Amino acid sequence: MARIAGIEIPNNKRVVISLTYIYGIGLTSSQAILKKAKVLESIRVKNLEENQLNSIKKIISESYQIEGDLRSMLSLNLKRLSDTKTYRGMRHKMGLPVRGQNTQTNTRTRKGKRRSIAGKKSSSAK
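Basically the working numbering = 1-based index in the sequence shown + 1.
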């Protein structure tokens, strides 16, 4: 397996797909990286030559923020929002939707599993 930015990317997949295993690199970024490195997207990782692999590594390290750096930057941004007590920061802190979605019925992914209220009877119990 090839190792790029501390991540083992799969050998048997095409290079354009394998690069997306790195946090912070999606399909579009992967295509742009390969275009700069002058590597065909259809080549498998196991068939890459050493100089091609090195050029991909160099481009990623120079112009992309990935993995740990990106995760820490995102967490610092959220911390800044909550420290300044902005509306977005408070919504992040409370675990509620941040971008104005309806919360009365449709936010189970952000709110989590339903919790019952003590002493309140459910409508299904008769």
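For every residue, glycine included, the Cβ atom is placed at its ideal position computed from N, Cα and C. Bear in mind that the values here come from a model prediction, so they are computed numbers and not experimental data.
Check the Cα spacing between K112 and each of K94, K121, K122 and A119: the tightest is with K94.
If you look at A6, you'll find it isn't in any beta strand (DSSP E); DSSP assigns it neither H nor E. V46 places its beta carbon less than 9 angstroms from that of P11. By the Cβ criterion, the region 51-67 is not in contact with the region 77-90, since fewer than three pairs of Cβ atoms, one from each stretch, lie closer than 8 angstroms.
Beta-bridge partners of R109 (DSSP): none assigned.
Counted as a single uninterrupted DSSP element, the alpha helix (DSSP H) harbouring S64 occupies residues E51 to S64. Shown here, R45 sits in a strand according to DSSP, grouped into three states. Partner residues in the beta bridge of R15, as assigned by DSSP, are R45. Cβ neighbours of I5 within its own chain (closer than 7 angstroms, five residues either side excluded): I23, I57, K58 and I61. Under the three-state reduction of DSSP, K122 is assigned to coil, being neither helix nor strand.
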